[in-house]
Amino acid sequence: MSKMKVMFVCLGNICRSPLAHAVFEDLVEKEGLDIHTESCGMGSWHVGEPSDARMRRTAKGHGVNITHYARAFRPSDLDEYDLIIPMDKQNRNDLKRYAGPEHMEKIHLMREWDPQGGTEVPDPYYGGDQGFENVFDIVSRSCRALVDELKERV
Ligand code: 4NP
């Protein structure tokens, strides 16, 4: 079987999805799994930029390095990736506008794996530091549960 590929998606690809990308990639490596990880944004304002300094600082405080440079979603990502994980309902709706019936099963909100429940990973961009810590908590426990599920599959 070919290598599994997972894509995390948010709006700007500078806060939530690059965090999920980095956290998930660290867990995949620790578990010794063979999974390719990527992230992208539904908007293109920040393409080519490093992640938001506040998100990088928060992640670093928890031992996670974010090294991603923002890239925009491409419709071909829907074919190329096996699992496509938007952070909120708006991102999911935007993805679904490009998706054919064969792609629908691949698209799942990040918090479908949150053991504490919840629906969306809130956008921290216009808020304070506490918002970034909250995003870190949600994303890290959701990624942990996702990896635990995938390690039974890959
Ligand atoms: P993200 O946060 O979607 O988690 O990367 C945002 C970053 C930038 C903008 C919106 C959300 N923006 O409007 O520029």
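In this text, residue positions in the sequence shown follow this note's numbering: the first is 117, and each later residue adds one.
Glycine included, C-beta positions come from ideal geometry on N, C-alpha and C.
Where residue i falls, given that 16 or more other Cβ within 10 Å makes a residue buried
| i | result |
| --- | --- |
| Ala-178 | Before going further, note that residue 178 is His rather than Ala in the sequence given. Exposed, because fewer than 16 other Cβ atoms sit within 10 Å of the Cβ of His-178. |
| Asp-193 | buried |
| Ser-133 | buried |
| Arg-227 | buried |
| Pro-191 | exposed |
| Glu-216 | Here the sequence assigns Gly to residue 216, which means Glu is not the residue at that position. The residue is exposed, with fewer than 16 neighbouring Cβ atoms inside 10 Å. |
| Glu-165 | exposed |
| Pro-240 | buried |
Segment limits, alpha helix (DSSP H) that includes residue i
| i | result |
| --- | --- |
| Lys-205 | 205 to 214 |
| Phe-140 | 132 to 147 |
| Lys-176 | 169 to 177 |
Closest by C-alpha distance to residue i, when choosing among the options
| i | options | result |
| --- | --- | --- |
| Asp-168 | Glu-141, Glu-228 and Gly-244 | Gly-244 |
| Glu-221 | Gly-234, Met-203, Tyr-197 and Ala-175 | Tyr-197 |
| Val-255 | Glu-147, Ala-215 and Met-171 | Met-171 |
| Gly-234 | Asp-253, Phe-248, Val-125 and Lys-119 | Asp-253 |
| Glu-249 | Gln-206, Gly-159, Lys-176 and Glu-265 | Lys-176 |
| Asn-207 | Cys-259, Pro-238, Asn-181 and Glu-265 | Pro-238 |
| Arg-269 | Glu-145, Leu-127, Leu-149 and Arg-173 | Leu-149 |
| His-162 | Lys-205, Asn-209, Cys-131 and Asp-264 | Cys-131 |
Start-to-end residues for the beta strand (DSSP E) that takes in residue i
| i | result |
| --- | --- |
| Ile-200 | 199 to 202 |
| Thr-153 | 151 to 157 |
Residue i Cβ short of 6 Å to the ligand COA heavy atom set
| i | result |
| --- | --- |
| Asp-198 | The model on display carries the ligand 4NP but not the ligand COA. |
Whether or not the region 147 to 162 and the region 177 to 191 are in contact is what I'm after, with contact meaning three or more pairs of Cβ atoms, one per stretch, closer than 8 Å; do they touch?
yes
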